[in-house]
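What follows is a set of notes on a single structure, which appears directly below.
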Amino acid sequence: MKKTSLFATLAALLLTISPLLSAETQLPQSSKADVKEPAIELLAKPSAGDYMDLHMHTYCSDGWSVPEQLVQLAAGDAKFYGTGAKGPKIKYIAVTDHDTMDCVARAQAYAAKNYSDMTVIAGMEVTANDNTHILALNINTGASGMKEIAEKSRKDRVERMQEYVKKLNQMGAKITVRDVVMPKLIGEMLANGKSTETVAGMSDKEMMESVSGMMMRPDIAKALIANGYAANNREAFDEWITPAKVPGETLPIKKVIDAIHAAGGKAILAHPYTIYKYGDFPQHYGDESFNDFESIVAAMLEAGLDGFEAYKNGWQKYPADFNKLKALADKWKAKTGKDLIFTTGSDYHGVTGIGPKSMMSEKIPVGAQQAIIGALHLN
Numbered sequence: 001m002k003k004t005s006l007f008a009t010l011a012a013l014l015l016t017i018s019p020l021l022s023a024e025t026q027l028p029q030s031s032k033a034d035v036k037e038p039a040i041e042l043l044a045k046p047s048a049g050d051y052m053d054l055h056m057h058t059y060c061s062d063g064w065s066v067p068e069q070l071v072q073l074a075a076g077d078a079k080f081y082g083t084g085a086k087g088p089k090i091k092y093i094a095v096t097d098h099d100t101m102d103c104v105a106r107a108q109a110y111a112a113k114n115y116s117d118m119t120v121i122a123g124m125e126v127t128a129n130d131n132t133h134i135l136a137l138n139i140n141t142g143a144s145g146m147k148e149i150a151e152k153s154r155k156d157r158v159e160r161m162q163e164y165v166k167k168l169n170q171m172g173a174k175i176t177v178r179d180v181v182m183p184k185l186i187g188e189m190l191a192n193g194k195s196t197e198t199v200a201g202m203s204d205k206e207m208m209e210s211v212s213g214m215m216m217r218p219d220i221a222k223a224l225i226a227n228g229y230a231a232n233n234r235e236a237f238d239e240w241i242t243p244a245k246v247p248g249e250t251l252p253i254k255k256v257i258d259a260i261h262a263a264g265g266k267a268i269l270a271h272p273y274t275i276y277k278y279g280d281f282p283q284h285y286g287d288e289s290f291n292d293f294e295s296i297v298a299a300m301l302e303a304g305l306d307g308f309e310a311y312k313n314g315w316q317k318y319p320a321d322f323n324k325l326k327a328l329a330d331k332w333k334a335k336t337g338k339d340l341i342f343t344t345g346s347d348y349h350g351v352t353g354i355g356p357k358s359m360m361s362e363k364i365p366v367g368a369q370q371a372i373i374g375a376l377h378l379n
């Protein structure tokens, strides 16, 4: 049975703000503690503190943390919500929210003030055609091409959210735009220490204009859960959001890559394993059809792709996956003489968010780290 509107709003708000306001992740400094290394045989051991995580999300898209909290977690100075554990100190991090750079400057400013030995890299996870995710790393956030992508995506995501609400209503889930936007806005305001007194009197349009983060499908899932239409995220997506399917307007992969390069950055294929391990072939990218992952990658490389997100927590447990990427990189080098960049990233959204529940806590080979540092001009 559908819950009352007030109860639903409070429930959605709780889903939104509980991790942000947890005592485990508040901004005041907390004591540092040693963390036991993961029980994985390392190929090589870099210097202490040289962990890297170049794929992280904040509340500016679909992550849980405000940027300052993300930096504290990466520095090993805050406990992860829900686990009470701290992670290892990460020296290089990239803020890569979906189609927005709005939280990059805050993360960089906070790190510069509190953690002078940490480098916060400007990034963005760009959604290209066919839901391909391209990581833009070490970009100039003021570059016109990247700003154009972000602004276009923000407008498109708001329109998609409204269309989702309309379709879900037709399917029987009687949620409103307000159900989706209000908890997100209140959560943002509380997390930033702002008063929420004015929210109740805002129109839907005013709320949408006031939200800092991108409107994402997980926000719709929270509204479905809060209103009693789903028990959890998986059910919300499987029974409602996926069947509703509202396609977004995205850019061709080559145009995305060109914009990243024009902004001085590197274009990296995010989580490539999801394409060839979980995708059904043939797959369609742009106007072309591909029968295997190798042919997709070949087209992306010809479009200017710089590398793959090859290292994630547990990467050594799946040597066949890694060797597939290495073989493609070796083939590309034999053809062009160019090395591809193999980056490292957790795709961290938050312990209670989607995806991995921790930041990068596994070391990668010394040679790989130095290659990333050199390619992104971090030294």
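Going by this note's numbering, 208 is the number at position 208 of the sequence shown; the sequence numbering is gapless.
Note that the Cβ used here is the ideal one computed from N, Cα and C, for glycine as well.
Since we're looking at a predicted model, the values are computed, not measured.
Membership of D53 in the beta strand (DSSP E) is indicated by the continuous run Y51 to M56. For H261, the enclosing alpha helix (DSSP H) stretches over residues I253 to A262. Excluding the 5 residues flanking it on each side, E309 has same chain C-beta neighbours closer than 7 Å at H55, L135, I268, L269, A270, H271, P272, T343 and G345, in chain order. Across the set L305, K312 and G172, the C-alpha of L305 shows the shortest separation from the C-alpha of I341. Two segments are said to touch when three or more pairs of C-beta atoms, one from each, lie closer than 8 Å; by this definition the segment 276 to 287 does not touch the segment 144 to 158. Between V66 and the set A111, A231 and Y92, the nearest pair of CA atoms involves A111. A distance below 8 Å between beta-carbons, with the five flanking residues on each side excluded, links K91 to the following residues of its chain, in chain order: G49, D50, Y51, M52, D117, M118 and T119.
Beta-carbon to beta-carbon, A303 and E288 are separated by about 11 Å, too far to satisfy the 8 Å threshold. Your pair D130 and H284 checks out as a contact, with CB atoms roughly 6 Å apart and the cut at 8 Å. For I149, the closest of M101, A223 and N227 by C-alpha to C-alpha distance is M101. For G367, the uninterrupted alpha helix (DSSP H) segment begins and ends at V366 to A375.
With 16 or more neighbouring CB atoms inside 10 Å of its own CB, Y164 falls in the buried class. In its own chain, leaving out the 5 sequence neighbours on each side, no residue places its CB closer than 6 Å to the CB of D238. In this structure, the CA atom of V297 is about 19 Å from the CA atom of A259. Between the C-alpha atoms of F322 and K266 there is a straight-line separation of about 20 Å. Burial state of P319 is exposed, judged by a 10 Å Cβ sphere holding fewer than 16 other Cβ atoms. Bounds of the alpha helix (DSSP H) holding I225 are R217 to A226.
Inter-residue distance for Y276 and M202 is about 45 Å (C-alpha atoms, whole angstroms). In the DSSP secondary-structure assignment, A299 is not bridged to any residue. When V104, S144, K174 and M360 are compared, the shortest CA-CA separation from G314 is found for M360. When C-alpha distances from A173 are compared across T198, P243 and S210, the shortest belongs to P243. In terms of CA proximity to G76, G87 leads the group E68, G87 and Q69. For Y311, no alpha helix (DSSP H) run applies; the uninterrupted beta strand (DSSP E) run containing it begins and ends at G307 to Y311, by DSSP.
K326 and K312 have their C-alpha atoms spaced approximately 15 Å apart.
Per DSSP, reduced to three states, the secondary structure at V120 is strand.
L378 sits in coil when the DSSP states are folded into three classes, being neither helix nor strand. Beta-carbon to beta-carbon, M207 and M182 are separated by about 6 Å, close enough to satisfy the 8 Å threshold.
For R106 and S358, the gap between their C-alpha atoms comes out near 21 Å.
P247 counts as exposed, since fewer than 16 other C-beta atoms from the protein chains shown sit within 10 angstroms of its C-beta.
By alpha-carbon distance to L137, the top candidate from A143, G145, E125 and K147 is E125. Of all alpha-carbon atoms in Y115, S153 and S144, the one lying nearest the alpha-carbon of T127 is that of S153. The beta-carbon separation of A94 and G63, rounded to 13 Å, does not stay under the 8 Å limit for a contact. Relative to A191, the option among Y348, E68 and L73 whose CA is nearest is E68. Relative to the Cα of M189, the nearest Cα in the group M146, Y59, K331 and A368 belongs to Y59. Measuring C-alpha to C-alpha distances from W240 to each of I253, I220 and L73 identifies I220 as the nearest. The bridge partners DSSP lists for V126 are I134.
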